[in-house]
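Have a look at the structure below before the remarks.
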Amino acid sequence: MQEERRNIIETALNVAAEEKFPIFFMDEVAFRGGSPAQKIDVSIRRITEFIKKYGSHPGFYKIDGKPVYYFQTFGWEISAQELERMCAEVDRATGGVCWAMFGPVAKFGVVPQLSMIIDGANIHRRNRTTREWMLKEQDPAVIFANGRKFGKKITDMQYPKFDGTGQPWRQTGVAQYGMDGRTLETTLLDSLKSKPDFIMLSSWNDWEEGANFEPGWDVDGFAGDPYTYCKVIAHLKGIEFVPPPPPPKEAVHPTIWEKLGYGDGAGPLIERIERTHVRGGSLIVTVRDSAGEVTGLEVVPEGDLFWKAPRGAGEKASGSLEAPPLPAGVQLANVFGFTPGYAVPLLEPNVEFKLPAGTELPEQFAVGVAWAFNPEKPLQSVKTVLRNREPVLLREPKGNVQPEMTLDFTASPRSSALPSENWNGWQTAVAVVPRPADLSQPLKLQAGGARLGQISLLGAPREERVITRAENVDADGKIKRFYITLPDETITTPGAHFFWLRARDAAGNWGSPVLYAAPNYEFFDRSGGNAALREPELEIPGAVIADNCARSDAWRGGGVEVEKSS
Numbered sequence: 040m041q042e043e044r045r046n047i048i049e050t051a052l053n054v055a056a057e058e059k060f061p062i063f064f065m066d067e068v069a070f071r072g073g074s075p076a077q078k079i080d081v082s083i084r085r086i087t088e089f090i091k092k093y094g095s096h097p098g099f100y101k102i103d104g105k106p107v108y109y110f111q112t113f114g115w116e117i118s119a120q121e122l123e124r125m126c127a128e129v130d131r132a133t134g135g136v137c138w139a140m141f142g143p144v145a146k147f148g149v150v151p152q153l154s155m156i157i158d159g160a161n162i163h164r165r166n167r168t169t170r171e172w173m174l175k176e177q178d179p180a181v182i183f184a185n186g187r188k189f190g191k192k193i194t195d196m197q198y199p200k201f202d203g204t205g206q207p208w209r210q211t212g213v214a215q216y217g218m219d220g221r222t223l224e225t226t227l228l229d230s231l232k233s234k235p236d237f238i239m240l241s242s243w244n245d246w247e248e249g250a251n252f253e254p255g256w257d258v259d260g261f262a263g264d265p266y267t268y269c270k271v272i273a274h275l276k277g278i279e280f281v282p283p284p285p286p287p288k289e290a291v292h293p294t295i296w297e298k299l300g301y302g303d304g305a306g307p308l309i310e311r312i313e314r315t316h317v318r319g320g321s322l323i324v325t326v327r328d329s330a331g332e333v334t335g336l337e338v339v340p341e342g343d344l345f346w347k348a349p350r351g352a353g354e355k356a357s358g359s360l361e362a363p364p365l366p367a368g369v370q371l372a373n374v375f376g377f378t379p380g381y382a383v384p385l386l387e388p389n390v391e392f393k394l395p396a397g398t399e400l401p402e403q404f405a406v407g408v409a410w411a412f413n414p415e416k417p418l419q420s421v422k423t424v425l426r427n428r429e430p431v432l433l434r435e436p437k438g439n440v441q442p443e444m445t446l447d448f449t450a451s452p453r454s455s456a457l458p459s460e461n462w463n464g465w466q467t468a469v470a471v472v473p474r475p476a477d478l479s480q481p482l483k484l485q486a487g488g489a490r491l492g493q494i495s496l497l498g499a500p501r502e503e504r505v506i507t508r509a510e511n512v513d514a515d516g517k518i519k520r521f522y523i524t525l526p527d528e529t530i531t532t533p534g535a536h537f538f539w540l541r542a543r544d545a546a547g548n549w550g551s552p553v554l555y556a557a558p559n560y561e562f563f564d565r566s567g568g569n570a571a572l573r574e575p576e577l578e579i580p581g582a583v584i585a586d587n588c589a590r591s592d593a594w595r596g597g598g599v600e601v602e603k604s605s
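Per my numbering, the sequence shown runs over residues 40 to 605.
Pasting the structure below:
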């Protein structure tokens, strides 16, 4: 019932009323087996309460004056008789509801209160293995005929695409590729042949299932045009879609100016970071700008203020941020057979880092966090909390204030959230504070369960840290390649090292910063202390291990007879 501090449902309804675009909600509460909502009396009680609280809101979608209540019955062991009783009792208590159901019409078509039924989904009309169309699977002609037999308004569910690979704990494959709108075109035209009473478009804009019509970048099916599906839907309605103008530049946070194409003032994008070799001593950074020449790249080892995990047992953390005593068990951040450095396991849900007294940072500074990549938990929750310099007034509930700001670094559940850099063992994420922070108060890290390598703050650019020598990739210098020689201290010091990078254009605008992990790889302990890392060749008497440079005697033969061959 959204009784927490921010009532999302009421906020959405208020916006809908202001925009004169009424909305309704899909009830999936009874979807899970064993849920209390699957008890019919529980559902009667909660739906009644919901309609009484929100049904008369001007932002709530109504048909014939009745609020539309849309629910699904798949996964819900409920009979037609129980469903009829639920609808009847809610109607008596609320004055009447327009009922819409996502479920099998053959089972529930007899329920008299149901006005609209959505049965079948186009994601089941393509073979997941062969990708062949099976347009008679969940055939709309049969489904719609059943609906009309019961006197119901009837249709099926149209998904633009369905990619569950971003949900490793649920779907594990791609049920349906979007094909730049061609999938929707194929199944929708087939359904239209059977004359549905309306069209139900299923758009899950949480992005987890990749089933979304909303404008967006970097999503399968958009083919570089964020408005592809808006244009498809407009075409179906016989109108032209005209992309809305973006909001005024000053209303948009600078960190996404370059993404929205506002031109000069956004600052360049760091497009790619490569290491010259797996363990190489240089970085190659490719920078791009859409409006003018790239003129410099700032390189800041570790950051202006930072806390960095100790380099082994018995050593102290480095940096100027102070933390309370953390677990003594400093761990090798061993991932996929590499040892990219050391990390401290965070057992407490909250850790406070104190800034040095008198710290001065610009109002929009960057916060970065680096933690050891855990392939068993790639979506580790990581957040930082800073106190607002001035409390923020909340829209809902009116009059309340928000004393803190939360920066969420948790990876979104898509493969793009796990970039190629993660092979080096580290996940890094950056955020720019959206409003002035009270620097006299600690920075709180909420990342219980993570293995922390570093937390770092980046302040204003400084000219002495800027590299200007670069290689032009294009004639105008809008794309440049910078070559960074890692400091000797980095190359000679085992463990993880982190670099802030941000680029500047000819107008003096700085782009969004990134935090890059450059681990200096270490040898494993092959003495037997860690049996899991021992190589089987070491158990063979006299074997020469070519990659174990620490055993100089092995390279000299070690008393083993070496046979020459032609």
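All C-beta atoms in this analysis are idealised placements derived from N, C-alpha and C, irrespective of residue type, glycine included.
Just so we're clear, the structure is a prediction, and the values are computed from it rather than from any experiment.
For residue i, count neighbouring Cβ atoms within 10 angstroms of its own Cβ and tell me buried if that reaches 16, exposed if not.
i           : result
residue 52  : buried
residue 80  : exposed
residue 274 : exposed
residue 541 : buried
residue 484 : buried
residue 522 : exposed
residue 441 : exposed
residue 519 : buried
residue 589 : Residue placement at residue 589 is flagged as unreliable, the pLDDT there being 43, under the threshold of 50; the coordinate-derived value follows with that caveat. Classification for residue 589: exposed.
residue 511 : exposed
residue 183 : buried
residue 60  : exposed
residue 250 : buried
residue 63  : buried
Roughly how far, in whole angstroms, is the beta-carbon of residue i from the beta-carbon of residue j, given that I think they are within contact range, below 8 Å?
i           : j           : result
residue 494 : residue 404 : Actually they are not in contact, since the Cβ atoms of residue 494 and residue 404 sit about 13 Å apart, beyond 8 Å.
residue 149 : residue 119 : 5 Å
residue 554 : residue 467 : 4 Å
residue 139 : residue 107 : 6 Å
residue 157 : residue 194 : 6 Å
residue 311 : residue 410 : No, residue 311 and residue 410 are not in contact; Cβ-Cβ is about 23 Å, not under 8 Å.
residue 395 : residue 487 : Contact doesn't hold; Cβ gap of about 26 Å is too wide.
residue 198 : residue 162 : 5 Å
residue 129 : residue 83  : 6 Å
residue 237 : residue 191 : With 8 Å as the limit, residue 237 and residue 191 do not qualify as a contact, their Cβ atoms being about 11 Å apart.
Provide the residue(s) that pair with residue i in DSSP beta bridges, ordered along the chain.
i           : result
residue 346 : 494
residue 336 : 506 and 542
residue 65  : 109
residue 403 : According to DSSP, residue 403 bridges with nothing at all.
residue 553 : 540
residue 522 : 323
residue 281 : Partner(s): none; residue 281 has no beta bridge.
residue 534 : 559
residue 470 : 406
residue 411 : 465
residue 99  : 62
residue 309 : 326
residue 390 : 484
residue 355 : Looking at the DSSP assignment, residue 355 forms no beta bridge with any residue, so it has no partner.
residue 440 : 432
Can you give me the C-alpha to C-alpha distance between residue i and residue j, rounded to a whole angstrom?
i           : j           : result
residue 356 : residue 383 : 10 Å
residue 252 : residue 348 : 43 Å
residue 76  : residue 420 : 29 Å
residue 367 : residue 353 : 8 Å
residue 526 : residue 280 : 53 Å
residue 110 : residue 350 : 55 Å
residue 398 : residue 508 : 32 Å
residue 572 : residue 516 : Residue placement at residue 572 cannot be trusted, given a pLDDT of 45 that sits under 50; what the coordinates show is reported in the next sentence. About 47 Å.
residue 85  : residue 552 : 47 Å
residue 265 : residue 271 : 12 Å
residue 125 : residue 117 : 10 Å
residue 344 : residue 497 : 7 Å
residue 48  : residue 230 : 32 Å
residue 504 : residue 475 : 25 Å
residue 181 : residue 267 : 31 Å
residue 529 : residue 502 : 22 Å
residue 93  : residue 153 : 20 Å
residue 423 : residue 447 : 7 Å
residue 535 : residue 556 : 7 Å
residue 524 : residue 538 : 12 Å
Which runs of the beta strand (DSSP E) fall wholly inside the region 123-158 and span at least 3 residues, in chain order? 137-141
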